[in-house]
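*Asks:*
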Amino acid sequence: MSRSGRLADVAEVLRLPHYGPFLAMRVGAAVGVWMERLATGWLAWEMTQSTAWLGVVAFLRLVPALFFGLLGGAWSDRATPRHVLLWGKAGLAAANLATVALLLLGLLSIWALAALALAVGILQAVSNPAASAIVWDLVPRRHLGTAISINSLSFHTATFVGPALAAALAATAGFAPVYAVAAAGQAGLIWALLRLPRRRPSAPPTPRAASLWDDMRAGIRYVRATPPVFAILAVHLTFAVSAHPLVDMVPAVAALFFDGGTAAVGTMTAAMGAGAVIGGLWLAAFSPRGALKTVVGAALLALMALIVVLAANRSLPLALALMGCIGVCQVIRASGLQTLLQLTVRDDMRGRAMGFYSLLVRGGSAFGALGIGVASEVVGLSVALATGATLGAVALVVFALRHRDDLARIKAV
Numbered sequence: 123m124s125r126s127g128r129l130a131d132v133a134e135v136l137r138l139p140h141y142g143p144f145l146a147m148r149v150g151a152a153v154g155v156w157m158e159r160l161a162t163g164w165l166a167w168e169m170t171q172s173t174a175w176l177g178v179v180a181f182l183r184l185v186p187a188l189f190f191g192l193l194g195g196a197w198s199d200r201a202t203p204r205h206v207l208l209w210g211k212a213g214l215a216a217a218n219l220a221t222v223a224l225l226l227l228g229l230l231s232i233w234a235l236a237a238l239a240l241a242v243g244i245l246q247a248v249s250n251p252a253a254s255a256i257v258w259d260l261v262p263r264r265h266l267g268t269a270i271s272i273n274s275l276s277f278h279t280a281t282f283v284g285p286a287l288a289a290a291l292a293a294t295a296g297f298a299p300v301y302a303v304a305a306a307g308q309a310g311l312i313w314a315l316l317r318l319p320r321r322r323p324s325a326p327p328t329p330r331a332a333s334l335w336d337d338m339r340a341g342i343r344y345v346r347a348t349p350p351v352f353a354i355l356a357v358h359l360t361f362a363v364s365a366h367p368l369v370d371m372v373p374a375v376a377a378l379f380f381d382g383g384t385a386a387v388g389t390m391t392a393a394m395g396a397g398a399v400i401g402g403l404w405l406a407a408f409s410p411r412g413a414l415k416t417v418v419g420a421a422l423l424a425l426m427a428l429i430v431v432l433a434a435n436r437s438l439p440l441a442l443a444l445m446g447c448i449g450v451c452q453v454i455r456a457s458g459l460q461t462l463l464q465l466t467v468r469d470d471m472r473g474r475a476m477g478f479y480s481l482l483v484r485g486g487s488a489f490g491a492l493g494i495g496v497a498s499e500v501v502g503l504s505v506a507l508a509t510g511a512t513l514g515a516v517a518l519v520v521f522a523l524r525h526r527d528d529l530a531r532i533k534a535v
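Take my numbering: the final residue in the sequence shown is number 535, and no numbers are missing along the way.
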């Protein structure tokens, strides 16, 4: 498709009656998520000055996906993504407001912060599959790839805006306003969800004759029996364990590599978000379509190489450039893998497939962050980050060579 055709496709998607308002409020909610994430990481570092504690808090925030991600996907298939998202976002707003109260009362300890991180992790684990699956309900199939690219662009725009806003607020007014704004972002998305139709316009929910547990088991059997879906998720898991923990290690990277504070953390995270915006704009305007699998593979390997260079670097300006390039590769990877998965998966398994997707990125990142955090106490953060990325790149190449037939069967258009 030509550039003008792609831009016309983007404009048509944004004019869809339900998708446009939903997207706008989702951007606000994503900004809130990134504000909370940066604030939680920096508070954990400020309280303890420990990479191990930073890894533990990240672990608690992410590991619930292992236990609740597939549950959220099955719930989304049985009910509607809208229903699941409403409950999840209401819970996230409540958790953010609870953090505000503890900060204002002077009662927030590292243990309370860890408990709140766990609560946020559970809520996000349950609702994230619905957040991905709902796109299918809001746009026609022919616009799915464009809508996913726009979604990734909006989310990664939040990775630019959220940390910058959080850093500015934390530096001038403390952390309580950061969490208050994060709660307001979730409230805006709740308002948008309430305006959506109660029922999805396509397939009806899974029949109630089966239990939720039976639905989850059926999802596991489906993934195991469908090699192309399994291959996408395996690649996704490799990235999650080896490269994604960098996001949660940014406070330690800023402090240990560049002697930076809140402003440095916000700037580095914002640089990654700015790169992601550039990558998202490129995907939305020049989608590679048939070459998507090749582009995603190249982005993954480039991302691993950039992390190795970042681990050896001690120049902040170069680090910002590297973080920007990492952001470009990250959005291409995220949008590309989601598009490939949504095009390959069976319609009645969509919520559960996205549940696996969420489970693997958050669960894999949890163990990756914990491992890098603990290893950093022994061998140093540079060695831990570089080793994780190198092992991830090797694992991706070996998997691609051994499963080339399964990868060839993945639908790209």
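We treat Cβ as the ideally placed atom computed from N, Cα and C, and that holds for glycine.
Taking 8 angstroms as the threshold, find out whether the segment 388-398 comes into contact with the segment 284-294 through three or more Cβ pairs.
*Replies:* Flag = yes, the segment 388-398 and the segment 284-294 touch.
*Asks:* What's the C-alpha gap between residue 530 and residue 164?
*Replies:* Their Cα atoms are separated by approximately 43 angstroms.
*Asks:* Inspect the beta-carbon positions of residue 397 and residue 447 and report whether they are closer than 9 angstroms.
*Replies:* For residue 397 and residue 447, yes; Cβs fall inside 9 angstroms.
*Asks:* Excluding the 5 residues preceding and the 5 following residue 147 in the sequence, name in chain order all residues of the same chain whose CB lies nearer than 6 angstroms to its CB.
*Replies:* Only 310, 311 and 314 meet the Cβ criterion.
*Asks:* Would you tell me roughly how many angstroms separate the C-alpha atoms of residue 356 and residue 303, rounded to the nearest one?
*Replies:* Spanning the two alpha carbons is a distance of roughly 36 angstroms.
*Asks:* Less than 6 angstroms between C-beta atoms, sequence neighbours within five positions excluded: which residues of the same chain meet that for residue 400?
*Replies:* Around residue 400: 450.
*Asks:* So does the segment 263-283 actually touch the segment 193-208, counting three or more Cβ pairs closer than 8 angstroms?
*Replies:* With a cut-off of 8 angstroms, the segment 193-208 and the segment 263-283 do not count as touching, because too few Cβ pairs lie within range.
*Asks:* First and last residue of the alpha helix (DSSP H) that includes residue 466?
*Replies:* Looking at the DSSP string, the run of the alpha helix (DSSP H) that includes residue 466 is 438-466.
*Asks:* Tell me whether the beta-carbon of residue 495 lies closer than 9 angstroms to the beta-carbon of residue 306.
*Replies:* Their beta carbons are not under 9 angstroms apart, which means residue 495 does not touch residue 306 by this criterion.
*Asks:* Looking at C-beta atoms only, is the number of pairs between the segment 206-218 and the segment 234-250 that lie closer than 8 angstroms three or more?
*Replies:* At 8 angstroms Cβ cutoff, the stretches touch.
*Asks:* Where do the ends of the alpha helix (DSSP H) carrying residue 487 lie?
*Replies:* Segment 472-501, the alpha helix (DSSP H) holding residue 487.
*Asks:* Three-state secondary structure (DSSP) at residue 519?
*Replies:* In the structure shown, residue 519 sits in a helix (DSSP, three-state: H, G or I).
*Asks:* Can you tell me whether residue 525 is helix, strand or coil according to DSSP?
*Replies:* Coil at residue 525, not helix or strand.
*Asks:* Of all the options 459, 479 and 223, which has the alpha carbon lying nearest to the alpha carbon of residue 301?
*Replies:* The residue with the shortest Cα to Cα distance from residue 301 is 223.
*Asks:* Just how far apart, CA to CA, sit residue 216 and residue 241?
*Replies:* Straight-line Cα distance between these residues: approximately 10 angstroms.
*Asks:* Kindly indicate which three-state DSSP category residue 532 falls into: helix, strand or coil?
*Replies:* If DSSP states are grouped into helix, strand and coil, residue 532 belongs with coil.
*Asks:* Rank 498, 229 and 444 by C-alpha distance to the C-alpha of residue 169 and give the top, closest one.
*Replies:* Residue 169 has its Cα closest to that of 229, out of 498, 229 and 444.
*Asks:* When DSSP labels each residue in this structure, what does residue 370 get in the three-state scheme?
*Replies:* The answer is helix: DSSP assigns residue 370 an H, G or I state.
*Asks:* If you count every other CB in all the chains shown that lies within 10 Å of the CB of residue 469, and 16 or more means buried, which is it?
*Replies:* It counts as exposed.
*Asks:* Under a Cβ-count criterion, where at least 16 other Cβ atoms within 10 Å of its own Cβ denotes burial, should residue 456 be classed as buried or exposed?
*Replies:* The residue in question, residue 456, is buried, as its Cβ has 16 or more Cβ neighbours within 10 Å.
*Asks:* Assuming residue 363 contacts residue 405 (C-beta within less than 8 angstroms), just tell me the rounded distance between them.
*Replies:* Wrong, their Cβ atoms sit about 24 angstroms apart, outside the cutoff.
*Asks:* Helix, strand or coil: which one does DSSP assign to residue 142?
*Replies:* The answer is helix: DSSP assigns residue 142 an H, G or I state.
*Asks:* Just verifying my parser: in three-state terms, what is the DSSP assignment at residue 330?
*Replies:* Low local confidence applies: a pLDDT of 49 at residue 330 is under 50, so the model's placement there is unreliable, with the coordinate-based value given in what follows. Note: residue 330 maps to coil in three-state DSSP.
*Asks:* Suppose the cutoff is 6 angstroms on Cβ atoms and the five residues either side in sequence are ignored; what does the same chain contact list for residue 366 look like?
*Replies:* For residue 366, where only same-chain residues beyond five positions count, the Cβ hits under 6 angstroms are 487.
*Asks:* Rounded to the nearest angstrom, what separates residue 295 and residue 350 at their Cα positions?
*Replies:* So the alpha carbons of these two residues sit roughly 50 angstroms apart.
*Asks:* How many Å lie between residue 360 and residue 479 at the Cα?
*Replies:* If you take the alpha carbons of residue 360 and residue 479, they lie about 12 angstroms apart.
*Asks:* Can you give the Cα-Cα distance for residue 180 and residue 368, rounded to whole angstroms?
*Replies:* Their backbone Cα atoms lie some 11 angstroms apart in a straight line.
*Asks:* Determine the closest residue to residue 460 out of 415, 425, 219 and 423, with distance taken between C-alpha atoms.
*Replies:* The shortest C-alpha separation from residue 460 is found at 415.
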